[in-house]
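Asks: Protein sequences appear in the order of chains A and B.
Residue numbering for the first sequence follows my numbering, beginning at 1 and increasing consecutively.
Residue numbering for the second sequence follows my numbering, beginning at 324 and increasing consecutively.
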Amino acid sequence: MNLLQDLLEPSGNPDGWDAYGDERKERVGFFTDTSVCIGCKACEVACKEWNVIPEDGRVWTGESYDHTSHLGANTWRHVAFVEQRKPLVGDGDGSTGLRWLMESDVCKHCTHAACLDVCPTGSLFRTEFGTVVVQQDICNGCGYCVPACPFGVLDKRHLEATTDPPPQGGRRPPSSSGRASPATPETLPAKFLGRKEDGRVWKCTLCYDRLKGGHEPACAKACPTKSIQFGPLEELRERADARLAKLEAEGWNGAQLYGRDPDDGVGGFGAFFLLLDEPEVYGLPPDPVVTTRDLPEMWTNMLAAAGALLAGVTALTLLGRRG
Amino acid sequence: MREPLHPLSDLNGKPPGTTSWRGSITEAGSEMRSYYGRPIVKEPTWTWEIPTYFFTGGLAGASAVLSSAARVTGNEKLARTSLYIGAAADLVSPALLISDLGRPERFHHMLRVVKVTSPMNIGSWVLLVSGGASTTAAALQLLDRWKPLRIAASVVSALAGPPLATYTGVLIADTAVPVWHEGRHELPWIFGASAAASAGAAASMFVPPRAAGPARRLAVAGVLAEGALMSAMELRLGKVGEVYHQGQAGKLSWAAKGLAVAGAAVLAKGGRRSRGAAVLGGAMVCAGELCLRWTVFKAGFQSARDPKYVVESQRRRIRHEGTKATTKPGDSPAPPSRGA
Numbered sequence: 001m002n003l004l005q006d007l008l009e010p011s012g013n014p015d016g017w018d019a020y021g022d023e024r025k026e027r028v029g030f031f032t033d034t035s036v037c038i039g040c041k042a043c044e045v046a047c048k049e050w051n052v053i054p055e056d057g058r059v060w061t062g063e064s065y066d067h068t069s070h071l072g073a074n075t076w077r078h079v080a081f082v083e084q085r086k087p088l089v090g091d092g093d094g095s096t097g098l099r100w101l102m103e104s105d106v107c108k109h110c111t112h113a114a115c116l117d118v119c120p121t122g123s124l125f126r127t128e129f130g131t132v133v134v135q136q137d138i139c140n141g142c143g144y145c146v147p148a149c150p151f152g153v154l155d156k157r158h159l160e161a162t163t164d165p166p167p168q169g170g171r172r173p174p175s176s177s178g179r180a181s182p183a184t185p186e187t188l189p190a191k192f193l194g195r196k197e198d199g200r201v202w203k204c205t206l207c208y209d210r211l212k213g214g215h216e217p218a219c220a221k222a223c224p225t226k227s228i229q230f231g232p233l234e235e236l237r238e239r240a241d242a243r244l245a246k247l248e249a250e251g252w253n254g255a256q257l258y259g260r261d262p263d264d265g266v267g268g269f270g271a272f273f274l275l276l277d278e279p280e281v282y283g284l285p286p287d288p289v290v291t292t293r294d295l296p297e298m299w300t301n302m303l304a305a306a307g308a309l310l311a312g313v314t315a316l317t318l319l320g321r322r323g
Numbered sequence: 324m325r326e327p328l329h330p331l332s333d334l335n336g337k338p339p340g341t342t343s344w345r346g347s348i349t350e351a352g353s354e355m356r357s358y359y360g361r362p363i364v365k366e367p368t369w370t371w372e373i374p375t376y377f378f379t380g381g382l383a384g385a386s387a388v389l390s391s392a393a394r395v396t397g398n399e400k401l402a403r404t405s406l407y408i409g410a411a412a413d414l415v416s417p418a419l420l421i422s423d424l425g426r427p428e429r430f431h432h433m434l435r436v437v438k439v440t441s442p443m444n445i446g447s448w449v450l451l452v453s454g455g456a457s458t459t460a461a462a463l464q465l466l467d468r469w470k471p472l473r474i475a476a477s478v479v480s481a482l483a484g485p486p487l488a489t490y491t492g493v494l495i496a497d498t499a500v501p502v503w504h505e506g507r508h509e510l511p512w513i514f515g516a517s518a519a520a521s522a523g524a525a526a527s528m529f530v531p532p533r534a535a536g537p538a539r540r541l542a543v544a545g546v547l548a549e550g551a552l553m554s555a556m557e558l559r560l561g562k563v564g565e566v567y568h569q570g571q572a573g574k575l576s577w578a579a580k581g582l583a584v585a586g587a588a589v590l591a592k593g594g595r596r597s598r599g600a601a602v603l604g605g606a607m608v609c610a611g612e613l614c615l616r617w618t619v620f621k622a623g624f625q626s627a628r629d630p631k632y633v634v635e636s637q638r639r640r641i642r643h644e645g646t647k648a649t650t651k652p653g654d655s656p657a658p659p660s661r662g663a
């Protein structure tokens, strides 16, 4: 199995990507440069619109301008707002010393993706673009990927159940864009063995349907400041390095790239960031590790425990024969 | 760069090491910072079926071994009872698992691939083999037919039983939940010991005391081993291990220890002579083992909920092992990616 091989000898390529052979496309991703984010949330809206993500309630959090709070089944782009008593550049002008950080978070499309590794059905898969996508017609809502993701990206959708969008050529309301239409009464089936909720896991697909059609993802398209940049990953990394060098020269406080380096715990992100403070300030883990990195060792350990259980129970029973 | 920049920092009185913000203005100063105290990793979506299954799966796996071992020694009563207990637990287990799915009618999607990187996938196959074998053996035992097939089925279930009882430790360790992943060295062993204790205790309840000697010994040994292993895990866990003493996990942990130890004592002291003592002690140990699975389950949720466990364990790793996910100005240029 090539996934196992990738566990034992990580190739540096996204797990499962090489299997595409000639059909493999250039690996693409996002570079989200938070230094130019203005917190307009156009990415959140465009993402919801394009991917027909249902409304999931409006909450007043009191946490700056952030009312979506985290990524989840119904939020695939999330703009974080952080207000700090710290000047943006150097010592500042001595007046307010206040800065407002904004960061549009998204699925990282890891090179070594824990969600993909642990998915028991094969619903999560690596696309030819090197991205990670959930196949909604396969997902059975086991929820294993939810705690496996080191970034807390995936979640189960607890909203009302709908059917899968009709297949290509199937019945659908007139639409020129060719994208999935929201559930209409005739596509609403039913309950799934008594469940009323959708029950499947959802996350960013890096707009797989748009990539297939040669378009950039909806969030990048909608971003008015080019804070979200889409493109071939190698090119994005070069662009990010140049940007970091520029911010350094200008004396910006805390500028750093996050997930750019292919040697980190998940083999580098397919969607990486330029941050202006430590990752945890934005609710991101400072040193994420793909949990399955330790799986070979865990399986060996489990086999030893199973052997000990077999031997222990047998020994105690045989002892009983004499006593 | 990280020193406090404003004298008002920490005015809200929260101790260093917890979230530090006033209104929505984050104050610099403490090393541990978070995004409004929100979790970094998601809590599992699993509900009550899962820890209950950890118990029934363990009971089924260890009972299969106990049954076969008892048969080898000619203890027919113990062999049969454990066979039936194991088969019953093996029947309940898939029902619990399917009930927890978001789309239960798609349960068979678990079996459309074989995937060693997914402990849940491998576990589904193990449960299929173990459950199929143990229920076959039990049915043939009830019908008293086809002895060779029954023996073959018993052997298969005895071999599949230990993996069934221990893989659940890998299942939860193979996540980003700090207290589970950091406990990966001990969890399969703890679950194995707990399985042994519950199989012994369950058999002690239903087998006449005279024939139940091995079962009682197994229950007592399992409880002792599990106590030692839990202590070893907590030692290794360090700071994040404190969730085992807090909130629901803390209460469950006391219940688990109290019930298991007291039950084992009742079994050891009175189980040989009194059937009543055997039933009481066995039931207490079983309840204790169920609580143990719940303890571990809840501790995982608690450690996922508080970002400090994620940040502190990763910051420690960064300090000690030099790993990181960030590239700062002045860092040596990142090596070119090996792939792409």
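Positions of the beta carbon are idealized from the N, C-alpha and C atoms, including for glycine.
Note that the structure is predicted; figures quoted are calculated from it, not measured.
Could you say which of A:L247, A:S104, A:C142 lies nearest to B:L419 if we only look at CA atoms?
Replies: For the purposes of this step, residue 419 of chain B is taken as the residue at position 96 of the second sequence. Ranking A:L247, A:S104, A:C142 by Cα distance to B:L419 puts A:C142 first.
Asks: Looking only at its own chain, which residues have a Cβ that is under 6 Å from the Cβ of B:S347, when we skip the five neighbours before and after it?
Replies: Taking the second sequence and counting its residues from 1, one reaches residue 347 of chain B at position 24. Any answer about B:S347 is weak, because its pLDDT of 47 lies below 50 and its placement is not dependable; what the coordinates show is given next. Contacts found: none.
Asks: Helix, strand or coil, according to DSSP, for A:H70 in the structure here?
Replies: The sequence position of residue 70 of chain A within the first sequence is 70, counting from 1. Of the three classes helix, strand and coil, the one that applies to A:H70 here is coil, per DSSP.
Asks: Within the 8 Å Cβ cut-off, does A:A19 reach chain B?
Replies: For this step, residue 19 of chain A is matched to residue 19 along the first sequence. Chain B, which has no Cβ nearer than 8 Å to the Cβ of A:A19, makes this no.
Asks: For A:A311, count the other beta carbons within 10 Å of its own beta carbon; 16 or more makes it buried, fewer makes it exposed. Which is it?
Replies: On the first sequence, position 311 is the one that residue 311 of chain A refers to. A:A311 is exposed by the Cβ-count criterion.
Asks: State yes or no: is the beta carbon of B:D497 nearer than 8 Å to at least one beta carbon in chain A?
Replies: Taking the second sequence and counting its residues from 1, the one referred to as residue 497 of chain B is at position 174. So, interface residue.
Asks: Could you have a look at B:I408 and say whether DSSP puts it in helix, strand or coil?
Replies: Reading the second sequence from its first residue, position 85 is the one you call residue 408 of chain B. Looking at B:I408 - three-state DSSP - the assignment turns out to be helix.
Asks: Taking the continuous alpha helix (DSSP H) assigned at A:E238, which residues delimit it?
Replies: As a first step, residue 238 of chain A must be located in the first sequence, where it is residue number 238. It spans 233-250 - the alpha helix (DSSP H) in which A:E238 sits, taken as one unbroken run.
Asks: Helix, strand or coil for B:I513, going by three-state DSSP, please let me know.
Replies: For the purposes of this step, residue 513 of chain B is taken as the residue at position 190 of the second sequence. B:I513 falls in the helix class under three-state DSSP.
Asks: If you draw a straight line from the C-alpha of B:T396 to the C-alpha of A:T317, how long is it?
Replies: Numbered from its first residue, the second sequence carries residue 396 of chain B at position 73. Numbered from its first residue, the first sequence carries residue 317 of chain A at position 317. One C-alpha to the other measures close to 8 Å.
Asks: Does the CB of A:Q256 have a neighbour CB from chain B at under 8 Å?
Replies: Counted from its first residue, the first sequence places residue 256 of chain A at position 256. It does; some Cβ of chain B falls within 8 Å.
Asks: Short of 7 Å in beta carbon distance, which residues of its chain neighbour B:G455, apart from the five on each side in sequence? Order them along the chain.
Replies: For the purposes of this step, residue 455 of chain B is identified with residue 132 of the second sequence, where counting begins at 1. Correct list: empty, nothing qualifies.
Asks: For A:T32, which of A:T292, A:T300, A:A308, A:L233 has the nearest alpha-carbon?
Replies: Position 32 of the first sequence, counted from the start, is the residue given in the question as residue 32 of chain A. Nearest option by C-alpha distance: A:L233.
Asks: Would you please verify whether the beta carbon of B:Q637 is less than 8 Å from any beta carbon of chain A?
Replies: Along the second sequence, one-based indexing puts residue 637 of chain B at 314. So yes, B:Q637 belongs to the interface.
Asks: Taking Cβ-Cβ distances shorter than 7 Å, what residues in chain B pair up with A:C119?
Replies: Indexing the first sequence from 1 puts residue 119 of chain A at position 119. Per Cβ cutoff of 7 Å: S441.
Asks: Answer with yes or no whether the minimum CB distance from B:K438 to chain A is below 8 Å.
Replies: Position 115 of the second sequence holds residue 438 of chain B. Yes - at least one Cβ of chain A is within 8 Å of the one on B:K438.
Asks: Quickly, what does DSSP pair A:V28 with across the bridge? List them, please.
Replies: Taking the first residue of the first sequence as 1, we reach residue 28 of chain A at position 28. A:V28 pairs with A:P232.
Asks: Just the C-alpha distance for A:D18 and A:C139, rounded to the nearest angstrom, thanks.
Replies: On the first sequence, position 18 is the one that residue 18 of chain A refers to. On the first sequence, position 139 is the one that residue 139 of chain A refers to. So the two alpha carbons sit approximately 23 Å from each other.
Asks: Given this structure, state the Cα-to-Cα distance separating A:G39 from B:S457, to the nearest angstrom.
Replies: Start at 1 with the first residue of the first sequence, and residue 39 of chain A comes out as number 39. Start at 1 with the first residue of the second sequence, and residue 457 of chain B comes out as number 134. Distance between the alpha carbons of A:G39 and B:S457 is about 59 Å.
Asks: On a Cα-Cα basis, can you pick out the residue from A:P296, A:G57, A:H78, A:N74 that is closest to A:G65?
Replies: Position 65 of the first sequence holds residue 65 of chain A. Note on identity: in this sequence residue 65 of chain A is Tyr, with Gly being the wrong assignment. The candidate whose alpha carbon is nearest that of A:Y65 is A:H78.
Asks: Could you spell out the range, first to last residue, of the beta strand (DSSP E) harbouring A:R99?
Replies: Position 99 of the first sequence, counted from the first residue, corresponds to residue 99 of chain A. Note, A:R99: beta strand (DSSP E), 99-106.
Asks: So which of A:G62, A:K203, A:P54, A:W100 has the shortest CA-CA distance to A:W76?
Replies: Counting from 1 along the first sequence, the entry for residue 76 of chain A is found at position 76. Selected option, being the one with the closest Cα: A:K203.
Asks: Is it buried or exposed for A:V290, if we count other Cβ within 10 angstroms and need 16 for buried?
Replies: Locating residue 290 of chain A in the first sequence gives position 290, counting from the first residue. Classification for A:V290: buried.
Asks: DSSP three-state label for B:V452, please.
Replies: What you label residue 452 of chain B is simply residue 129 of the second sequence in a count that begins at 1. The answer is helix: DSSP assigns B:V452 an H, G or I state.
Asks: Starting from the beta carbon of A:G199, find every residue of chain B whose beta carbon is closer than 8 Å, and list them in chain order.
Replies: Numbered from its first residue, the first sequence carries residue 199 of chain A at position 199. The answer, in chain order, is L424, G425, R426.
Asks: Just verifying my parser: in three-state terms, what is the DSSP assignment at A:L274?
Replies: Counted from its first residue, the first sequence places residue 274 of chain A at position 274. Correct three-state label for A:L274: strand.
Asks: Is the Cβ of A:L188 closer than 8 Å to any Cβ of chain B?
Replies: Reading the first sequence from its first residue, position 188 is the one you call residue 188 of chain A. For A:L188, the predicted model reports a pLDDT of 48, less than 50, meaning its position is unreliable and no value from the coordinates is stated.
Asks: Please tell me whether B:D413 has its Cβ less than 8 Å away from any Cβ of chain A.
Replies: Residue numbering aside, residue 413 of chain B sits at position 90 when the second sequence is read from its first letter. No, no contact with chain A.
Asks: Do you know how far the Cα of A:I228 is from the Cα of A:K41?
Replies: As a first step, residue 41 of chain A must be located in the first sequence, where it is residue number 41. As a first step, residue 228 of chain A must be located in the first sequence, where it is residue number 228. Near 11 Å, if we compare the C-alpha coordinates of A:I228 and A:K41.
Asks: Tell me, which residues are paired with A:E160 by DSSP?
Replies: Reading the first sequence from its first residue, position 160 is the one you call residue 160 of chain A. Looking at the DSSP assignment, A:E160 forms a beta bridge with A:E197.
Asks: Between the segment 118-143 of chain A and chain B, which residues of the former have CB atoms less than 8 Å from a CB of the latter, in chain order?
Replies: So the close ones are V118, C119, P120, T121, G122, S123, G130, I138, C139, N140, G141, C142, G143.
Asks: For A:W202, which residues does DSSP report across the bridge?
Replies: Sequence index remark: in the first sequence, residue 202 of chain A carries index 202 (1-based). The partner list for A:W202 (beta bridge, DSSP) reads A:D155.
Asks: Inspect the beta-carbon positions of B:A622 and B:V502 and report whether they are closer than 8 Å.
Replies: Indexing the second sequence from 1 puts residue 622 of chain B at position 299. Indexing the second sequence from 1 puts residue 502 of chain B at position 179. Contact flag set, yes.
Asks: Does the segment 291-307 of chain A touch the segment 476-490 of chain B, meaning 3 or more C-beta pairs lie closer than 8 Å?
Replies: Because the criterion of three Cβ pairs below 8 Å is met, the segment 476-490 of chain B and the segment 291-307 of chain A touch.
Asks: Starting from B:H504, trace the beta strand (DSSP E) in both directions and tell me its first and last residue.
Replies: In the second sequence, residue 504 of chain B corresponds to position 181, counting from 1. That residue, B:H504, is in no beta strand (DSSP E); its alpha helix (DSSP H) goes 501-504.
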